Amino acid sequence: MLKAKILFVGPRESGKTVLANFLTESSDITEYSPTQGVRILEFENSYVSRNNKGTSCEFELWDCGGDAKFESCWPALMKDAHGVVIIFNADIPSHLREIEMWYSCFVQQQFLQDSQCLLVAHHKPGSGGTTRSLSLSPPLNKLKLVHSNLEDNPEEIRAEFIKYLRSIVSALSESRDREEMSIIT
Numbered sequence: 001m002l003k004a005k006i007l008f009v010g011p012r013e014s015g016k017t018v019l020a021n022f023l024t025e026s027s028d029i030t031e032y033s034p035t036q037g038v039r040i041l042e043f044e045n046s047y048v049s050r051n052n053k054g055t056s057c058e059f060e061l062w063d064c065g066g067d068a069k070f071e072s073c074w075p076a077l078m079k080d081a082h083g084v085v086i087i088f089n090a091d092i093p094s095h096l097r098e099i100e101m102w103y104s105c106f107v108q109q110q111f112l113q114d115s116q117c118l119l120v121a122h123h124k125p126g127s128g129g130t131t132r133s134l135s136l137s138p139p140l141n142k143l144k145l146v147h148s149n150l151e152d153n154p155e156e157i158r159a160e161f162i163k164y165l166r167s168i169v170s171a172l173s174e175s176r177d178r179e180e181m182s183i184i185t
């Protein structure tokens with residue numbers, strides 16, 4: 001069985017914990033409480049299999065606090081991560097600037113491929129958030145960007161997340177296959 005570690009990162013108050021709970025079908029949090037450091041959710045998803053071969057995978061979703069005071073913990077959080085989901089509140093202009101830093105630290109400096117990264121523009125309930133096109137600067141404009149609105153269309157983000165998890169499982173499985181072949185030859 002494969003194991004994958006996915007990080008949820010991004011600015012404070014962007015909705016990381018709410019999305020993590022929804023996507024892993026964990027408990028609902030009714031009032032805002034900033035994540036202190038990290039919260040790890042373990043889950044399996046029956047919709048994620050590689051080419052219908054039934055490759056199963058256990059996931060660890062690391063819901064990382066967005067406060068800069070936890071920056072000293074980031075190297076430990078990043079260790080052995082297979083994917084990064086950068087979540088930001090599209091209705092807060094400063095978040096668009098901040099996500100460049102998150103991308104640099106958690107994707108570029110860890111030598112992850114852009115395919116291992118998903119960018120989520122989260123719209124909080126009542127924000128009237130539209131899925132207007134966002135002008136993202138390079139290299140963010142090359143990343144897969146999805147909008148999430150748990151009030152209006154919750155299944156859209158779930159479907160996109162499952163596609164993302166499938167790509168992570170596929171890459172992990174191919175890497176494992178290459179490793180096994182190198183041992184054999």
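Mapped onto my numbering, the consecutive letters of the sequence shown carry residue numbers 1 to 185. We put the beta carbon where it would ideally sit given N, CA and C, even for glycine. Computed from a predicted model, the values in this text were never measured in an experiment.
Cα-Cα separation between residue i and residue j, rounded to whole angstroms
i, j, result
"Ser175", "Gly126", "43 Å"
"Ile183", "Val48", "28 Å"
"Tyr103", "Ile168", "18 Å"
"Ser170", "Ser137", "29 Å"
"Glu71", "Met101", "12 Å"
"Arg50", "Gln116", "Reliability fails at Arg50, whose pLDDT of 46 lies under 50, so the model's placement of it is uncertain and the value that follows must be treated cautiously. Using only the alpha carbons, I get a separation of about 16 Å."
"Asp80", "Lys5", "7 Å"
"Glu155", "Phe22", "10 Å"
Any chain B beta carbon closer than 8 Å to residue i
i, result
"Ser173", "Absent from the structure: chain B. Only one protein chain is present."
Cβ separation of residue i and residue j, assumed to be a contact under 8 Å, to the nearest whole Å
i, j, result
"Pro34", "Asp63", "So it is not a contact: roughly 11 Å between Cβ atoms."
"Gly10", "Ile87", "4 Å"
"Leu96", "Tyr164", "In fact, because the Cβ distance is near 21 Å, the residues do not count as touching under 8 Å."
"Leu112", "Val84", "6 Å"
Nearest residue (CA-CA) to residue i, options the options
i, options, result
"Leu145", "Glu151, Ser133 and Asp152", "Ser133"
"His123", "Lys16, Ser26 and Met181", "Lys16"
"Leu19", "Ser173, Asn153 and Thr185", "Asn153"
"Glu58", "Val9, Thr185 and Ser173", "Ser173"
"Ser94", "Ala121, Ala76, Gly83 and Cys73", "Ala121"
"His147", "Met181, Gln113, Ile157 and Ile162", "Ile157"
"Leu61", "Glu44, Ala159 and Asn141", "Glu44"
"Cys73", "Gly83, Leu140, Val38 and Asp177", "Val38"
Assigned exposure category for residue i - 16 Cβ within 10 Å defines buried
i, result
"Gly40", "It should be pointed out that residue 40 corresponds to Ile in this sequence rather than to Gly. By the neighbour-count rule (16 or more Cβ atoms within 10 Å), Ile40 is not buried but exposed."
"Met78", "buried"
"Phe106", "buried"
"Ser14", "buried"
"Asn89", "buried"
* To do: Pick out the complete beta strand (DSSP E) segments inside the region 107-181, 3 residues or longer, and give them in chain order.
  => 117-122 and 144-148
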